[in-house]
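Protein chains in written order, with this note's numbering: chain A, 1 to 286; chain B, 287 to 516.
We put the CB at the ideal spot given by N, CA and C, even for glycine.
Scroll down for the structure; my scribbles are underneath it.
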C-alpha cells in the first residue's frame, strides 16, 4: 500500500516523480529551471506528460555552491506554494535533508519529503509525522550530505541498504508517519560505486520483498554512464533499461528527468507483468 | 636491517577486475609492479608490508576483499579478508611472482607519531634482511570531480611529499601535519610516517619516484628507495 496526499495507490501502480531543480548547478539540467518561469514551464510539461509527483530540490546532490537552510528555503518554499496553488491535486515532493526546510515546505503545501541523505537530520522524520507527509528513507552508507563516495565497500550492499532504509522507515512510523507513506530508496550511486548500483538494480526484488514501497532514482546517473561509457547527455537508453528492471522487480516510484519515456517503459513492463491491459488490441483478434 | 623500501598506492582499481572492460590503471599498476619487483630483487629474508587502514593491527586474513568493492565474484567472510591496502600489496607481490616470506601490518590513518615511531623502529631493529613496502596515497582532494571536494592546499601538500620521496627525506615525511593530512584526505600520512621512522638510521641511495600523478583526483606516488645502513 502506498498513500500520498491522502490518495491510496494499489500495488502494481507505478508512479513517476519528475525532478524539478531550483539550482544553478545540478548535473543534468545545469540551471535550466533556476528561474521561476522555466521551472513552472517544466512543472506544467511534466504534469502533461503524466508525472504523478514533482520533486523540487534547492540543493545540488554533489559538491558545489554552498546553500544554507535560509537560501534553500528562498529557492523552494514560495515555489512549492505557487505549484500547489496551480495544481491542487498534484503530489509535491521536496528533496531536502533539513528539518527546517521540510517544515517550511510542508506549511507551503508539500506532501512528501525526499530525504536523499538518509536521515542525516533526524528531526526531518518528525516533521513528516507532524504534517502527515510521506517520507523517502534512503541508504547513503553513512555519508554526510553532498559527499561523493570514496572507496565505498560493503559486505553485501543490498542487505545493508535494506537494513538501513527499513530501520529509518520503522523509526519514522514510530514517530507517527503513516506506514503507507514511508518509502524506501536504495539510493543508487549515493555512497556506492557503479558495481554497487548495478547489484542493487539486479537484486531490487529483495528490497521490494520487504513490503515497504520502493523508490528508485536512476535517471542519467554515473552508474549508467560508466556502464555504457557515455556522458551525461547520452544516458537515457541505459536509464530506461535500468528502469525496466526495477519495474520488473516491483519498484513503485521512479524519480526521473524524462517523464514521457519513463511512463512508456513502466506501462510496457506493467503489461508484460500482466497487471495492465494493453492500450488497444486488435491484431489477430479481428 | 632494511635493504630496500618502496611506496605504492592502494586504490581498489588495482584489485583484479574492478575497472570493468577497460584497464584504466595500467600505467600505475606497471610502475607499482616495477617497485615491488625491485624489492623482490634484493632477495630479502622478509618482505614487510605496512598499509594504511581504519585501525592498526596485524591481520591474519588471506583473502582479497575485492567483492566488497564490486565485481560479481565470490564473497569472502570479512574476518578472513585483508584490509584494502594489504590486499593490493598481496596482488602486486603475486603479480611479480614473489614467493618469499611476507609479514603484514595495518596502521591507522590517524595513528600517533609515537605509534608510527614504535612500528618503524621495530622494523628497523630486525636482525634479518628486510624489504619494506608501505602503501598510501597523497590527497584525494585535487579535483572538483574527484572523490573529495577540491582543496587548493592539496597541491602544496602533495608536492612536499613528492620532494621528500625524490630526495630520500625521511625527516620531511615524519613531519607531515596529521591534521592537515586528514583535512586533505591523505591516506598515506601514517604509512609514510612508518617509512620515515623505519629508515631513520638508514640512508636511501638513489631514491626514485616512478610515478606521481592524479588521473582520478587522488594523488598516487610510486617510489623506490634502495637503502644502505649507516
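Could you tell me which chain A residues have their CB closer than 9 Å to the CB of residue i, listed as they occur along the chain?
i: residue 465 of chain B; result: Those within 9 Å of residue 465 of chain B in chain A number zero; the least Cβ separation is about 19 Å.
i: residue 364 of chain B; result: 155
i: residue 361 of chain B; result: 155 and 156
Could you work out which residues of chain B lie near residue i, taking near to mean beta carbons separated by less than 8 Å?
i: residue 151 of chain A; result: 297, 298, 355, 370 and 433
i: residue 122 of chain A; result: Those within 8 Å of residue 122 of chain A in chain B number zero; the least Cβ separation is about 25 Å.
Residue i: which of the options sits nearest, CA to CA?
i: residue 38 of chain A; options: A/213, A/20 and A/8; result: A/20
i: residue 69 of chain A; options: A/256, A/58, A/219 and A/18; result: A/58
i: residue 194 of chain A; options: B/320, B/289, B/358 and B/347; result: B/358
i: residue 287 of chain B; options: B/455, B/334 and B/402; result: B/334
i: residue 317 of chain B; options: B/483, B/306, B/486 and B/497; result: B/497
i: residue 430 of chain B; options: B/511, B/501, B/385 and B/393; result: B/501
i: residue 177 of chain A; options: A/269, A/87, A/218 and A/111; result: A/111
i: residue 214 of chain A; options: A/139, A/192, A/240 and A/277; result: A/139
i: residue 504 of chain B; options: B/299, B/368 and B/461; result: B/299
i: residue 436 of chain B; options: B/464, B/469, B/514 and B/465; result: B/469
i: residue 269 of chain A; options: A/243, A/284 and A/282; result: A/243
i: residue 224 of chain A; options: A/257, A/125, A/173 and A/198; result: A/198
Under the three-state reduction of DSSP, which class applies to residue i: helix, strand or coil?
i: residue 398 of chain B; result: coil
i: residue 197 of chain A; result: helix
i: residue 212 of chain A; result: coil
i: residue 11 of chain A; result: coil
i: residue 364 of chain B; result: helix
i: residue 511 of chain B; result: strand
i: residue 295 of chain A; result: This structure gives no information on residue 295 of chain A, because the portion of chain A shown stretches from 1 to 286.
i: residue 339 of chain B; result: strand
i: residue 285 of chain A; result: coil
i: residue 478 of chain B; result: helix
i: residue 207 of chain A; result: helix
i: residue 231 of chain A; result: coil
i: residue 422 of chain B; result: coil
Going along chain B in order, which residues have a C-beta closer than 9 Å to the C-beta of residue i?
i: residue 196 of chain A; result: 355 and 356
i: residue 193 of chain A; result: 298, 304, 355 and 356
i: residue 189 of chain A; result: Going along chain B, no residue has its Cβ under 9 Å from residue 189 of chain A, so there is no contact; the nearest lies around 13 Å.
i: residue 145 of chain A; result: What residue 145 of chain A touches in chain B: nothing, since even the nearest Cβ is about 12 Å away.
i: residue 68 of chain A; result: Chain B residues near residue 68 of chain A: none, gap ~16 Å exceeds 9 Å.
i: residue 186 of chain A; result: Chain B residues near residue 186 of chain A: none, gap ~16 Å exceeds 9 Å.
Just the chain A side, please: which residues come within less than 8 Å of residue i by C-beta, in chain order?
i: residue 426 of chain B; result: 150
i: residue 351 of chain B; result: 153
Can you give me the C-alpha to C-alpha distance between residue i and residue j, rounded to a whole angstrom?
i: residue 252 of chain A; j: residue 15 of chain A; result: 6 Å
i: residue 136 of chain A; j: residue 50 of chain A; result: 21 Å
i: residue 478 of chain B; j: residue 338 of chain B; result: 9 Å
i: residue 24 of chain A; j: residue 66 of chain A; result: 11 Å
i: residue 345 of chain B; j: residue 180 of chain A; result: 46 Å
i: residue 259 of chain A; j: residue 18 of chain A; result: 6 Å
i: residue 202 of chain A; j: residue 467 of chain B; result: 38 Å
i: residue 212 of chain A; j: residue 158 of chain A; result: 15 Å
i: residue 427 of chain B; j: residue 130 of chain A; result: 40 Å
i: residue 376 of chain B; j: residue 420 of chain B; result: 12 Å
i: residue 296 of chain B; j: residue 370 of chain B; result: 7 Å
i: residue 166 of chain A; j: residue 53 of chain A; result: 23 Å
i: residue 313 of chain B; j: residue 383 of chain B; result: 19 Å
i: residue 387 of chain B; j: residue 160 of chain A; result: 37 Å
i: residue 342 of chain B; j: residue 264 of chain A; result: 53 Å
i: residue 280 of chain A; j: residue 315 of chain B; result: 58 Å
i: residue 332 of chain B; j: residue 410 of chain B; result: 12 Å
i: residue 80 of chain A; j: residue 92 of chain A; result: 7 Å
Hey, is residue i close to the ligand MG, as in C-beta under 6 Å from one of its heavy atoms?
i: residue 314 of chain B; result: Ligands displayed in this structure: none; no statement on the ligand MG is therefore possible.
Mind listing the chain B neighbours of residue i? Cutoff is C-beta to C-beta under 7 Å, in chain order.
i: residue 231 of chain A; result: What residue 231 of chain A touches in chain B: nothing, since even the nearest Cβ is about 12 Å away.
i: residue 111 of chain A; result: Ordered by position in chain B, no residue passes the 7 Å Cβ test against residue 111 of chain A, which lies about 33 Å from the chain.
i: residue 213 of chain A; result: Correct list: empty, because the minimum Cβ distance to chain B is about 28 Å.
i: residue 38 of chain A; result: Result: empty, since nearest Cβ-Cβ is about 26 Å, beyond 7 Å.
Exercise. Counting pairs of Cβ atoms below 8 Å between the region 150 to 160 of chain A and the region 97 to 108 of chain A, do you hit three or more?
Worked result: no
For this session: Tell me, please, whether the region 2 to 12 of chain A touches the region 228 to 239 of chain A by the rule of three or more beta-carbon pairs shorter than 8 Å.
Result: no
Exercise. Does the count of Cβ pairs from the region 481 to 497 of chain B and the region 447 to 463 of chain B closer than 8 Å reach three?
Worked result: yes
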